[in-house]
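First the structure, in the form of structure tokens, and then the observations on it.
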Amino acid sequence: MANFYTDNPDLKHHLNHPLMRKIVELKERNYTDAEKFDYAPLNFEDAMDSYDKVLEIVGELCGGMIAENAESVDHQGPRVENGRVIYADGTQENLDACRKAGLMGMAMPRRFGGLNFPITPYIMAADIVSRADTGFENLWGLQDCAETIYEFADEDQKQRYITRVCAGETMSMDLTEPDAGSDLQSVMLKATPQEDGTWLLNGVKRFITNGDSDIHLVLARSEEGTKDGRGLSMFIYDKRNGGVTVRRIENKMGIKGSPTCELVYKNAKAELCGSRRLGLIKYVMALMNGARLGIAAQSVGVSEIAYREALAYAKDRRQFGKAIIEFPAVSEILSVMKAKLDASRTLLYECSRFVDMYKVYEDIAKERSLTAEERQEMKYYSRFADACTPLIKGMGSEYCNQNAYDCIQIHGGSGFMKDYACERVYRDARITSIYEGTTQLQVVAAIRHVTTGTYLNLIKTYEAEEVSAALQPLKDNLATMTAKYEAAVAKVTEVKDSAYNDLMARRLVEMAGNIIMGHLLLLDATRNEAFVKSATVYNKMAQAEVAKHADFINSFDPAQTALYQA
Amino acid sequence: MSLNIIVLAKQVPDTRNVGKDAMKEDGTINRAVLPAIFNPEDLNALEQALRIKDANPGSTITVLTMGLPRAAEVIREAMYRGADTGVVLTDRVLGGADTLATSYSLAQAVKKFGNYDIILGGRQAIDGDTAQVGPQIAEKLGLPQVTYAEEILELKDGFVIVKRRLESGVETVKAPLPCVVTVNGSAAECRPRNAKLIQKYKYAVSPSEKDKLSDEIKAVVEARPYLNLQEWSAAYVDADLTQVGLAGSPTKVKAIENVVFTAKENLTLENNDEQIEGLIKELIANHTIG
């Protein structure tokens, strides 16, 4: 049986990145948990070995049961009975297996029953799960919501809820409403305080992934009479208390195993999580960053399955007396697919390491005050994490859609039929560039890192790294691209016209993304020859993309902005 | 009620995906290309044992395996799924054993445990496919045996109720404890390895493996009793040396040949008694059957 971790050496390459030593040492506080927990690591090597072994379990479950169930789950899907969701049989089997394997609450501290893994190996597990069944990644990945409880809830709530997540209970984040999608400030769900300190929730939520979960995080309006985001608070709703029913589930194009619910709250008892009024402006923003990284991992998993399905078919399918992979037009598609896969994966793990670095300092800051040096380092990584999260969510999800499209293209007419996995992959891919913020909204989040120079600063750190002599020409290309990027940024920002600036934003963000991913692949190739091909193919693609955008910007008269207005 | 459960497990070459190079020219198994795995039906047996343990907190599962010292790996694999500890019965004199000598050796080891409530094992191992060892152990220990078990339905008051999967149907039987139960491949699949248990038990070692560890890890193993697996020799289990290993095995392998089936000709028969009878007569005449 296939193991989706061990059959993919690229994963171990990223897991063994040099920065991991520092992350693990900080995360494990010099390995002091080993005295209290029999499964805590003794040292760095031991910790890395544990991540490796646990990912092997993930890979085994994914390569076996979860991948095998994916087709039946896609066909059967979940259903609603008496206001409750019943998962597809395969989904239930997958969830039970993940619980038994202890793969819930992976990133939570051991004192709540978690594995205390850094974000990076957790995100790697998400990448692997998504390759097996993209829709199942949603259900499994919602364990991420425990992070919000860990960061903002009180100790009693942490003890009561995080332990349950680690034991295998599922979560959901109930944010969207019929009139509040991308614009969450309009959330109307009403929270009314009770004398005993609890709250009652009333209203409707829509498009809630896994909406019949055991533990919900709910965004609701706690401040009567308010209209904006400052009147919203975060609540924890425990399904055991009752009051929320599932009115219907959506009939979706893809990720069909993941139930997308419309929820009705009728005097549903809930607890406040954190402070009033900070629900949207602080907690959802934090929650969203974690969720976006999760979707980025899901996207990379989709790119992986798309590439593998395409490659296998191209080797197998014979036309004109030879396997179609031997035709340049086909093998070019495959090379580009692999380059996009490798590019998005390397940015995914770069970003997850940045998140690890700043979050671990945030966590340490709860125990003691940080030194000036530590605070500075936290800020450094926090800024890069903020900049890279929308970049990888946006570009990674677009790449996986492109790869899913190309996967069908390589299958030809057969790919258009329901007979091959590629059509499911194509449907599953489509949501990744929409939910947790569309690509257009990722650009809105990313553009300030273009204008404030965060991306350029990151590029400068890569420029300072040594690459092997053979790869130097690629690095020179990247320097040329960076010059074009800087010129384009200067040209756009000197015009004080927000409509024009907005029109150019995605182009600038993509240029930055192309250059950053180009550099990361170069560093991968320096560390591991297996990446030389992708580094080169991506470099060529990035060069053309950057030139295209630069040409568009340079030849564009800001007065023409009106042409693009409806 | 806490029970002492023994699970018999064997490390076997993975014969499920056999390629052309699975056998060497001399007819013996090419172990280099066939990875050593946990015998699949022993995993089914382990799952049944784990369910008994789940229902009876405080129970312990001890895995008993006979083989080379490296067979400790199957004990660890079982511990990653919830078993508590294990014993490797290993000794040069035990090598080359057929089912009679194997069951004698294992029965001697079981006697050494003294106190046990139930012994579970897979129906058969995929290397030999005999299904003899479990029943022979029961005979040698004078215990009742339940074979072809698919599910342990109940275990209480000194009895076990077991659903058996037979060729012709299903049979539910009750047996007094202690007894030996051999479990079918049709039983529930074993649960996956657990993330915490794999971290907890990854340094579990037998005495002969311990010497290969770094000083740092060795100190950890010494400080944590649950990381110490046992290794038993033939002498330790009071085995009569004439009944173990090659010497104790009446089965002698004369030769092993690699048979490759090739369809040289096709024969299409009409669906009538006459033609079928004709075929049977032909097959008897050329000694293909009968």
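First to last, the protein sequences are chains A and B. Under our numbering, the residues of the first sequence are numbered 1 to 566, in order. Under our numbering, the residues of the second sequence are numbered 1001 to 1290, in order. Don't be surprised by glycine CBs; every beta carbon is placed ideally from N, CA and C.
query: Unbroken beta strand (DSSP E) run spanning residue 1172 (chain B), endpoints; result: 1169-1176
query: Against chain A: residues of the segment 1176-1202 of chain B by CB proximity under 8 Å; result: 1191, 1192, 1193, 1194, 1195, 1196, 1197, 1198, 1199, 1200 and 1202
query: Under 8 Å from the C-beta of residue 1220 (chain B): neighbouring residues of chain A; result: 42
query: Cβ-based burial, residue 1075 (chain B) [other Cβ within 10 Å; buried from 16]; result: buried
query: Reference residue 281 (chain A); option with closest CA among A:397, A:17 and A:221; result: A:221
query: Span of the beta strand (DSSP E), counted from its first residue to its last, around residue 152 (chain A); result: Run containing residue 152 (chain A): none in the beta strand (DSSP E); it sits in the alpha helix (DSSP H), 146-152.
query: Same chain, Cβ closer than 7 Å to residue 28 (chain A), five either side skipped, listed in chain order; result: 41 and 47
query: Length of the line joining the Cα atoms of residue 445 (chain A) and residue 1204 (chain B); result: 49 Å
query: Residue 169 (chain A), buried or exposed, once every other Cβ within 10 Å from all chains shown has been counted against 16; result: buried
query: Residue of A:359, A:58 and A:158 minimising C-alpha distance to residue 103 (chain A); result: A:58
query: Range covered by the beta strand (DSSP E) that runs through residue 238 (chain A); result: 232-238
query: Whether residue 1119 (chain B) touches residue 1178 (chain B) by CB criterion (9 Å); result: yes
query: Chain B within 9 Å of residue 255 (chain A), Cβ atoms only; result: no
query: Under 9 Å between C-beta atoms of residue 238 (chain A) and residue 161 (chain A); result: yes
query: Element boundaries [beta strand (DSSP E), containing residue 172 (chain A)]; result: 171-174
query: Buried versus exposed call for residue 155 (chain A) [16 or more other C-beta atoms within 10 Å across all chains shown]; result: exposed
query: Nonlocal neighbours in the same chain, by C-beta distance under 8 Å from residue 126 (chain A), ignoring five residues either side; result: 137, 140, 141, 294, 297, 298 and 301
query: Residue-chain proximity (residue 72 (chain A), chain D), Cβ-Cβ < 9 Å; result: The structure shown contains no chain D; its protein chains are A and B.
query: Given residue 19 (chain A) as reference, the closest of A:111, A:71, A:120 and A:87 once Cα atoms are compared; result: A:120
query: Coarse secondary structure for residue 1293 (chain B), derived from DSSP in three states; result: In the structure as shown, chain B starts at 1001 and stops at 1290, and residue 1293 (chain B) therefore has no counterpart that could be examined.
query: Buried versus exposed call for residue 495 (chain A) [16 or more other C-beta atoms within 10 Å across all chains shown]; result: exposed
query: Nearest neighbour of residue 310 (chain A), chosen from A:320, A:325 and A:319 [CA to CA]; result: A:325
query: Stretch pair the segment 460-471 of chain A + the segment 513-525 of chain A: three plus CB contacts closer than 8 Å; result: yes
query: Residue 297 (chain A), DSSP secondary structure in three states; result: helix
query: Local conformation of residue 1148 (chain B) per DSSP, three classes; result: strand
query: CB contact below 9 Å: residue 11 (chain A) versus chain B; result: no
query: Span separating the alpha-carbon of residue 420 (chain A) from that of residue 68 (chain A); result: 13 Å
query: Nonlocal neighbours in the same chain, by C-beta distance under 8 Å from residue 1170 (chain B), ignoring five residues either side; result: 1150, 1163 and 1164
query: Option nearest residue 60 (chain A) by Cα separation, candidates B:1192, B:1232 and B:1249; result: B:1192
query: Backbone secondary structure at residue 221 (chain A) - three-state DSSP; result: strand
query: Chain-ordered chain B contacts of residue 141 (chain A) [CB-CB under 8 Å]; result: Under the 8 Å cutoff, chain B gives no residues; its nearest Cβ is about 16 Å from residue 141 (chain A).
query: Residue from A:422, A:544 and A:436 whose Cα sits closest to the Cα of residue 393 (chain A); result: A:436
query: Where residue 453 (chain A) sits in the DSSP three-state scheme; result: coil
query: One or two residues paired with residue 474 (chain A) in a DSSP bridge; result: None, per the DSSP bridge assignment.
query: Beta-carbon proximity list for residue 1174 (chain B), same chain, < 6 Å, skipping 5 on both sides; result: 1159 and 1161
query: Neighbourhood of residue 1182 (chain B) by C-beta distance below 6 Å, restricted to the same chain and skipping five residues each side; result: 1121, 1123, 1134 and 1147
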